[in-house]
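Numbering (this note's numbering), first residue to last: 52 to 281.
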């Protein structure tokens with residue numbers, strides 16, 4: 052959802068990829084996967100986006116949210132408002148990065164709807180299709196980023212979209228692939244390992260790209276619980 056709102060604001064001209072974002076103490080102290088940002092550090096918005104997309108930098112996500120809405124709390128309100136607009140009935144946000152919280156939740160179908168909306172913005176695929184990227188940290192050093200979507204380069208046609216991992220949610224992936232002009236999206240949640248996540252995802256993408264998903268009974272079965280494809 053953070054990326055969707057960012058893409059919308061970029062399209063509307065409310066923010067620019069060239070914007071210089073100053074990292075707050077609050078953003079720098081965010082737990083979990085990180086770009087290891089320092090309080091007061093200034094980073095171009097385009098590099099924050101790379102850090103969010105490729106390595107799920109939670110500190111970068113908070114910094115971006117603060118830049119767009121003033122505070123993380125304000126941005127969370129925007130996220131929940133957007134969820135309502137999209138008709139998401141099983142989603143509620145309390146933070147911008149997705150770390151575990153009893154009142155922060157979603158489901159595979161709602162993540163599919165978010166992904167479908169995100170894919171309307173073509174610039175997102177230029178980020179999500181990157182296996183690697185480097186961003187400067189100061190005048191002398193650069194930081195290498197490796198995309199946590201391990202299906203890139205392994206499953207033909209995959210060019211996105213976003214991973215997510217926490218202790219409670221386990222290994223999750225919303226993926227998209229395009230083959231012979233057909234684009235599909237699939238969501239896998241709650242897998243115990245990256246290997247099992249990727250295996251489940253590959254199976255869903257196979258079914259989708261072979262157009263077996265038109266079987267309504269199969270679609271209903273996969274839309275319940277922790278996976279969905281279309």
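Even for Gly, the Cβ is constructed at its ideal location relative to N, Cα and C.
Span of the beta strand (DSSP E) around residue 216:
Residues 209 to 217.
Between which two residues does the alpha helix (DSSP H) containing residue 135 stretch?
In the DSSP assignment, residue 135 falls within the alpha helix (DSSP H) that extends over 123 to 136.
Report yes or no: do the region 202 to 213 and the region 224 to 238 share at least 3 C-beta pairs separated by less than 8 Å?
Because the criterion of three Cβ pairs below 8 Å is met, the region 202 to 213 and the region 224 to 238 touch.
With H, G and I counted as helix, E and B as strand and the rest as coil, what does DSSP make of residue 54?
In this structure, DSSP gives residue 54 a helical state, which the three-state scheme calls helix.
How long is the line joining the alpha carbons of residue 53 and residue 130, rounded to whole angstroms?
Rounded to the nearest angstrom, the two C-alpha atoms are 7 Å apart.
contact_flag[the region 70 to 78, the region 181 to 193] where n(CB pairs < 8 Å) is 3 or more:
The region 70 to 78 makes no contact with the region 181 to 193; the number of CB pairs closer than 8 Å stays below 3.
Do we get a CB-CB distance below 8 Å when we pair residue 152 with the residues of chain D?
Within the model displayed, chain D is absent; a lone protein chain is all it includes.
Straight-line Cα distance separating residue 258 from residue 265
Bear in mind that a pLDDT of 47 at residue 265, under 50, signals an unreliable position, so the number given afterwards is only what the model happens to contain. Rounded to the nearest angstrom, the two C-alpha atoms are 10 Å apart.
Please identify the residue among 194, 234, 179 whose C-alpha is closest to the C-alpha of residue 349.
There is simply no residue 349 to check, as the chain begins at 52 and stops at 281 in what is shown.
With H, G and I counted as helix, E and B as strand and the rest as coil, what does DSSP make of residue 143?
Reduced to three states, the DSSP call for residue 143 is strand.
From 113, 63, 164, pick the residue whose C-alpha is nearest to that of residue 81; which is it?
Of the candidates 113, 63, 164, 113 places its Cα closest to the Cα of residue 81.
So does the region 169 to 177 actually touch the region 192 to 206, counting three or more Cβ pairs closer than 8 Å?
Counting C-beta pairs closer than 8 Å gives fewer than three between the region 169 to 177 and the region 192 to 206, which falls short of the contact rule.
Could you check how far apart the C-beta atoms of residue 145 and residue 127 are, in whole angstroms? I think they sit under 8 Å.
About 6 Å; that satisfies the 8 Å criterion.
Pairs of beta-carbons, one from the region 91 to 111 and one from the region 131 to 145, closer than 8 Å: are there three or more?
When Cβ pairs closer than 8 Å are counted between the two stretches, the region 91 to 111 is seen not to touch the region 131 to 145, the count staying below three.
Where residue 230 falls: helix, strand or coil (DSSP):
The answer is strand: DSSP assigns residue 230 an E or B state.
Option nearest residue 181 by Cα separation, candidates 62, 90, 106:
Measuring C-alpha to C-alpha distances from residue 181 to each of 62, 90, 106 identifies 106 as the nearest.
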